[in-house]
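Structure first, then comments.
In the UniProt record's numbering, the protein residues as written are 1 to 1026.
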């Protein structure tokens, strides 16, 4: 066999890749005429690495017309009729690599296919770039080509290294299509010539995930046309491809981040082993791994480091965006054999320990202003650290993304409480099973049918044979043109919707820009107080005159303190610490409405971390005072994703047309001869969005306004500006993310942030630092009210995120502020939701006996209907069950069957408007139970239920092993939330013996009477009665 010479053996050929860096340490690659690649504003985070392949499992149904001759030159791409020529003038990506990928077209791929087809029969010739020509010459530095080279070319990605050669696969499967399996893998060695840098390749300086403009291929020395890969049998096996080698290429620009803060993930990296150490790195949206032996036995756990990192920007195997959506199912099935799941990790080029001063600075974030003055420079430094703190969280979320498209068909479809529920099997990729951890409950999906595409959210996924059975709920806008019966049997392609790491960062923190004017800012004074600065002074709150009636609600003197607080002109911030079920949201909204009636010019924001909490606030507003105008800030897209019970009539997408129509009706009279610019804008917006029609109009001025072109002659007022000026809202409800996005994207809101005088955070115990800080930087003139329960769940954090990252990015702002009394604190201790017995129990356990509640009711009617002991509203049903691990979570099938039988029994005896919920400590168990129950019963996790209430709660503990040592199941705040969601009764399902050995659950069981603890066999537990 002919030996391929290594160019590095020739004197003068070696030369390292060179990079430039600007003053901020941002990566700038050398390109034509020293042209700089645009600096990176955000990280384009994608991880890639090839999965292990079982060769014998790859065949599946073989193609009947497998080629017996080498590929022939074809004038038209076989998929030509499936693709369209885009006429949309889309803005190209800022990232040069993504721009290059976007620049590939079916025509450019076909030209490369034709060129390679011609080369198959071409005899070997002399080397086009003789090595001797470069002997003794200085090796040029590598230049990166930021524009597409002349055709023919195709973009390939390095997916593996085999000794001194690199394995490449095409970025777009359309290059291989259904007739060119030979192009699936090509090989790049040190004999390949970089036509842009004018030098030979040095494979030691190439990384997995690198993108390559492949310009010319040739067959390997000693190979003949008979050796080419002609069929799709074992097409994913690199050993089956031994024909093509790269002759000419250019490098696509890389993204390399210099001196980025890094922190070891400890044992929490993927597939933890001692050979690699996992790191969370600033600006990198994926976990990066570094060989442990290269750390020279340095201790890195909990130590701040600095790293230079190469991060791939894309993953091979995605169809081009120019595909006709109606043919996506067809094409996906055609290329299903050549779309493995690639996962590449970022490459850490170097890593060193951070200077002690910088490390101390990061560790001080929770109390940053104890030793730092409030200057613009310090505020910027603080903001950078907070953003760094959530990169570990983002990296773990992106690791769970499955980038494969699954062609399948719908096997069942039913109408449920929350919409249309469909079930479809996901066929396992060749040689491996689907990771259920990546298909957990709540993952957002795209379902591509032949005629349309729907969004969906996963409810449960379980392995059944060789497939994973997916249940998901359709999310749609408008009318679904299918009945459940019509959906059954429909072909569909199921894909996960990927939220890029930089998009997740923007959702979490926005741009987090420091305000231009920081002098005299009320909000920034609050920020410093909450982070180690001077405490805010106490406020005198009179005990009398705090009771009044708001609409249908009478507030107690305790609840009325909130209004007294709002009326105090010295109040900059306040902490309202409430027990569960104290009516805090109703009291808060009633107080805000009464306060707004005395301050008609100021705006009030009512924010929360969840849509459930904001919907609850809107419902409270409807009960207490709808005379104060308000709106819930939510986009139409996000509203359509919500369960129907979380949607309200005051959501902006449905409220603005209603407001504008009512205004237009008042001027749609024959005698009105002129329209104001505002009303003219209202009319034109309504007609452009088809909310009104010409036959509805009797006013000549309106007819005249409608003759103006909507796109060519835009209305003087935007839709939102028109809505604001007509409706004049004072209350703005919304999640923290929605509020921030509206006030940053809507010009009229952005120009009026100073009108926000009061900002309120409901369920503040779940407010993370990364959400708090952007709100303070946005509403600098506002004062802040934090209302929540400091003894319930803290902000959500991935368990695997290092503690130091959690501390600076997530933290416990509200809980710490209450404990340290960083601002004035008032308490609400009167509980109106829970049964009196449950209130007494949690009061003793978690509230130092401060709570008072409802009168006791015995027997408990809802338990009588279940034929269970009804003298105490908290029951334990103990049965011997068995847990099993499901990814990083746990399920318990026997426990699930118990609750299913109990729910069915409740449904036979339930009263009208009575609501029950199954709350699970573990997400996987919630999915497990959800698929077993009819679609008319709510199933959720305890963590997602904070702030919600139901008549009956079934609380599933799931674990049967290591219960005593499991911190998650013994978390007092989680148990507190689970026990306090019910208005009538709570039924805990678990193993009494195991729970009694766990410290926190033991305390709960000791306060329950013996008759409330049921020992039962699985077959007869539901037959026990008084």
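Quick reminder that beta carbons are idealized off the backbone N, C-alpha and C, glycines included.
Proximal residues to residue i (C-beta, below 6 Å), its chain only, five neighbours per side dropped
{"i": "residue 383", "result": "512"}
{"i": "residue 592", "result": "604"}
{"i": "residue 642", "result": "611"}
{"i": "residue 71", "result": "117 and 180"}
{"i": "residue 47", "result": "Legend: pLDDT at residue 47 = 30, less than 50; position of this residue unreliable, no value from coordinates given."}
{"i": "residue 726", "result": "659 and 663"}
{"i": "residue 65", "result": "Low local confidence applies: a pLDDT of 38 at residue 65 is under 50, so the model's placement there is unreliable, and no value is given."}
{"i": "residue 103", "result": "148"}
{"i": "residue 858", "result": "871"}
First through last residue of the beta strand (DSSP E) which encompasses residue i
{"i": "residue 593", "result": "Unbroken run through residue 593 is the alpha helix (DSSP H), 584 to 596; no beta strand (DSSP E)."}
{"i": "residue 775", "result": "From DSSP, residue 775 is part of no beta strand (DSSP E) but of the alpha helix (DSSP H) over 769 to 778."}
{"i": "residue 786", "result": "783 to 788"}
{"i": "residue 79", "result": "No beta strand (DSSP E) contains residue 79, which DSSP labels as neither H nor E."}
{"i": "residue 291", "result": "288 to 291"}
{"i": "residue 944", "result": "Careful: residue 944 lies outside any beta strand (DSSP E) and carries neither H nor E."}
{"i": "residue 1013", "result": "1013 to 1015"}
{"i": "residue 419", "result": "419 to 427"}
{"i": "residue 381", "result": "Counting along the chain, residue 381 falls outside any beta strand (DSSP E), though it belongs to the alpha helix (DSSP H) covering 376 to 388."}
Start and end residues, alpha helix (DSSP H) containing residue i
{"i": "residue 702", "result": "700 to 705"}
{"i": "residue 119", "result": "106 to 120"}
{"i": "residue 995", "result": "992 to 996"}
{"i": "residue 744", "result": "736 to 745"}
{"i": "residue 825", "result": "Here residue 825 belongs to no alpha helix (DSSP H); instead the beta strand (DSSP E) covers 825 to 828."}
{"i": "residue 930", "result": "923 to 932"}
Check whether residue i and residue j have beta carbons under 8 Å apart
{"i": "residue 156", "j": "residue 142", "result": "no"}
{"i": "residue 255", "j": "residue 388", "result": "no"}
{"i": "residue 245", "j": "residue 304", "result": "no"}
{"i": "residue 203", "j": "residue 262", "result": "no"}
{"i": "residue 235", "j": "residue 337", "result": "yes"}
{"i": "residue 733", "j": "residue 863", "result": "no"}
{"i": "residue 852", "j": "residue 831", "result": "yes"}
{"i": "residue 410", "j": "residue 421", "result": "no"}
{"i": "residue 406", "j": "residue 494", "result": "yes"}
{"i": "residue 957", "j": "residue 987", "result": "no"}
{"i": "residue 95", "j": "residue 313", "result": "yes"}
{"i": "residue 931", "j": "residue 900", "result": "no"}
Same chain, Cβ closer than 7 Å to residue i, neighbours up to 5 away in sequence not counted
{"i": "residue 774", "result": "509, 510, 512 and 740"}
{"i": "residue 776", "result": "523, 524, 526 and 527"}
{"i": "residue 288", "result": "279, 281, 309, 345, 346 and 348"}
Closest Cα partner of residue i within the set the options
{"i": "residue 1027", "options": "915, 796 and 992", "result": "For residue 1027 there is no data in the structure shown, the boundaries of the chain being 1 and 1026."}
{"i": "residue 291", "options": "350, 306 and 151", "result": "350"}
{"i": "residue 438", "options": "973, 944, 743 and 923", "result": "923"}
{"i": "residue 966", "options": "700, 98, 889 and 788", "result": "889"}
{"i": "residue 788", "options": "238, 242 and 582", "result": "582"}
{"i": "residue 674", "options": "696, 695, 659 and 703", "result": "703"}
{"i": "residue 589", "options": "618, 309, 178 and 912", "result": "618"}
{"i": "residue 1010", "options": "874, 409, 310 and 695", "result": "874"}
{"i": "residue 488", "options": "401, 414 and 462", "result": "414"}
{"i": "residue 502", "options": "928, 635, 483 and 390", "result": "390"}
{"i": "residue 731", "options": "662, 249 and 620", "result": "620"}
{"i": "residue 877", "options": "884, 799, 895 and 871", "result": "895"}
{"i": "residue 128", "options": "989, 535, 307 and 191", "result": "191"}
{"i": "residue 404", "options": "496, 436, 474 and 377", "result": "496"}
{"i": "residue 506", "options": "737, 294 and 614", "result": "737"}
{"i": "residue 441", "options": "456, 558, 367 and 748", "result": "456"}
{"i": "residue 947", "options": "976, 962, 928 and 937", "result": "976"}
Spatial neighbours of residue i in its chain, beta-carbon cut-off 8 Å, leaving aside the 5 residues before and after
{"i": "residue 9", "result": "For residue 9, the predicted model reports a pLDDT of 33, less than 50, meaning its position is unreliable; a value from the coordinates is still stated below. Cβ neighbours of residue 9 beyond the five flanking positions: none."}
{"i": "residue 906", "result": "862, 865, 866, 916 and 952"}
Check: So, do the region 590 to 603 and the region 833 to 851 have three or more beta carbon pairs nearer to each other than 8 Å?
Finding: no
Next item on the list: Indicate whether the contact test is met: 3 or more Cβ pairs, each with one atom in the region 172 to 182 and one in the region 316 to 334, closer than 8 Å.
Entry: yes
Notebook entry, point to check: Three or more C-beta pairs closer than 8 Å, one from the region 438 to 453 and one from the region 320 to 336: is that the case here?
Noted result: yes
Note to self: Any contact between the region 752 to 772 and the region 810 to 820? By contact I mean 3 or more CB pairs, one from each, below 8 Å.
What the structure shows: yes
Notebook entry, point to check: Are there three or more Cβ pairs, one per stretch, closer than 8 Å when the region 545 to 554 is compared with the region 624 to 634?
Noted result: yes
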